[in-house]
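To keep things clear, I will list the structure first and then write my remarks on it.
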Amino acid sequence: MLTISLFVLIGLTVALIAVFVFRPQITQTQAGKIAAFLALFALPVLCAGMGASSELLHAKSTKFCLSCHIMEPYGQSLRVDDPTHLAAAHFQNHRVSPDEACYTCHTNYAMFGGIKAKLGGLKHIYVYYLGTPPSPENIKLYEPFNNRECLHCHAGARSFEEGAVHTADPELLPALRTNKVSCISSGCHEVVHDVKDLKNSKFWNGGS
Amino acid sequence: MLSTNAFDRKLQISGVILIVGLVVESLCLLSGSPIGFILFVGVGGLLIGIGILYYLYSLASSASSSVK
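These protein sequence lines map, in sequence, to chains A and B. Per the numbering used here, residue 1 is the first one in the first sequence, and the count goes up by one each step. Per the numbering used here, residue 1001 is the first one in the second sequence, and the count goes up by one each step.
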C-alpha cells in the first residue's frame, strides 16, 4: 500500500516538475513561486523520505537478506526438519516473524542497534560486490552473538525462566543474563545454521 | 529548450536533475535488491539532493541579484 501511494506521489511530483521545466516563466506569479517551491523542494523531500523509509523496511525482509546467492544456504537452513536446529525451529514455529526472520535475530537490541545493523548490512553489500566474499560455511559474525538478542524475546517467558535445564543450575540464568554463558555455547543451543551439513539434512516444505 | 533567462534556466536544470533522481529512485524501489538499495541511496538520493540544492541556490542567487 505504501509502495503504491509512493509511486503515485513520485509520478505526480515528476509531472509537476515537468511543468516547470517546460514553462519556467510560470514562476513569475506569486502562486507560481509557491507551486515551484512545492514541486522542486517539498515534494522531492517527501518522496525521498518516504522512499528511504520503504527501502529500509524492505531491507529487513527475509527475502531481501536471502537475495544474495551467498546467503542461500542460510535460507535453506531455516527449513531443516530438525527441532534442535535453533534458526530452523524459530523460523518454522513462528517464534520470529518468517518475513523478518534474519533481521529479528541478527539486529542489535541496544541503543542505535538498528543503525548498527544497517551499517553492518552496507558492509555486507560492499564485501559481496567489491570485496572477496567468503564461502557460505566460512561466514563469521563480526562479534560473538550476544544473549541480549535472545533475551529481548525470551526474558520473562515461562519456558525460559522455568525451563528444567535453565533452572537445574541456579547460577545459569544470572550467567545468561549477564552474557557470561552464551545461549549458543556447546551443549546448549549450539546448532544454529549448520550450512556445512545441508546435503545430509531433511527439509520441511510447509509454510509460505 | 533551455530558457535564456538565468533564473529560469537554473530552475529547468534543477527540475531535470530532480526528475532523473526520482526516476532512479522509482526503479530502485521496483528492483527490491541490495544493489537497488545502494543505488537508491547513492545515485537517487544524491541527484535529488543536488537538484534541491541547485533550486535553493537559484532562489538565493536570484534574490541577491534583485537586491543589487
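Quick reminder that beta carbons are idealized off the backbone N, C-alpha and C, glycines included. Owing to the predicted nature of the structure, the values given are computational and were not obtained by experimental measurement.
Could you confirm whether any beta carbon from chain B is found closer than 8 Å to the beta carbon of A:Q76?
As a working mapping, residue 76 of chain A is identified with position 76 in the first sequence. By this cut-off, A:Q76 is not an interface position.
So with Cβ pairs under 8 Å, would you call A:S159 a contact of chain B?
Counting from 1 along the first sequence, the entry for residue 159 of chain A is found at position 159. No, A:S159 does not count as interfacial toward chain B.
With 8 Å set as the bound, which would you pick, yes or no: does the beta-carbon of A:F7 sit closer than that to a beta-carbon of chain B?
On the first sequence, residue 7 of chain A is found 7 positions in, with the first residue counted as 1. So, interface residue.
Tell me whether A:I115 is buried or exposed, calling it buried when 16 or more other Cβ atoms sit within 10 Å of its Cβ.
Here residue 115 of chain A refers to the residue found at position 115 when the first sequence is read from its first residue. Exposure of A:I115 is indicated by the presence of fewer than 16 other C-beta atoms within 10 angstroms of its C-beta.
Inter-stretch contact (C-beta, 8 Å, three-pair minimum) for the stretch 1028-1035 of chain B and the stretch 45-61 of chain A
Per the Cβ contact rule, the stretch 1028-1035 of chain B is in contact with the stretch 45-61 of chain A (3 or more Cβ pairs under 8 Å).
How far does the alpha helix (DSSP H) with A:N147 in it reach, from first residue to last?
Taking the first residue of the first sequence as position 1, residue 147 of chain A is located at position 147. Start and end: N147 to H154.
Express the C-alpha separation of A:F112 and A:C183 in angstroms, rounding to a whole number.
Indexing the first sequence from 1 puts residue 183 of chain A at position 183. Indexing the first sequence from 1 puts residue 112 of chain A at position 112. Rounded to whole angstroms, A:C183 to A:F112 spans 23 Å at the Cα level.
What is the DSSP secondary structure of A:F203, reduced to helix, strand or coil?
The residue given as residue 203 of chain A occupies position 203 in the first sequence. Note: A:F203 maps to strand in three-state DSSP.
I'd like to check one pair, A:H193 with A:A48: are the Cβ atoms closer than 8 Å?
One-based indexing of the first sequence puts residue 48 of chain A at position 48. One-based indexing of the first sequence puts residue 193 of chain A at position 193. With contacts defined by Cβ atoms closer than 8 Å, A:A48 and A:H193 do not form a contacting pair.
Chain-order list of residues whose beta-carbon lies under 7 Å from that of A:S61 (same chain, five-residue window excluded):
Your numbering for residue 61 of chain A matches position 61 in the first sequence. Closer than 7 Å at Cβ, skipping near neighbours: D99 and E100.
Excluding the 5 residues flanking B:V1075 on each side, which residues of the same chain have their C-beta closer than 6 Å to its C-beta?
With chain B running from 1001 to 1068 in the structure shown, residue 1075 of chain B is simply not present.
Cα-Cα, which of A:F20, A:F91 and A:N179 is closest to A:N146?
Position 146 of the first sequence, counting from 1, holds the residue named residue 146 of chain A. Looking at the Cα atoms, A:N179 is the closest of the given residues.
For chain A, is any of its Cβ atoms less than 8 Å away from the one on B:I1050?
Position 50 of the second sequence, counted from the start, is the residue given in the question as residue 1050 of chain B. Closer than 8 Å: no.
Going by beta carbon distance, what residues of the same chain come within less than 8 Å of A:T3, once the five residues before and after it are set aside?
Position 3 of the first sequence, counting from 1, holds the residue named residue 3 of chain A. If the five residues before and after A:T3 are omitted, its C-beta is found closer than 8 Å to the C-beta atoms of S54, all from its own chain and listed in chain order.
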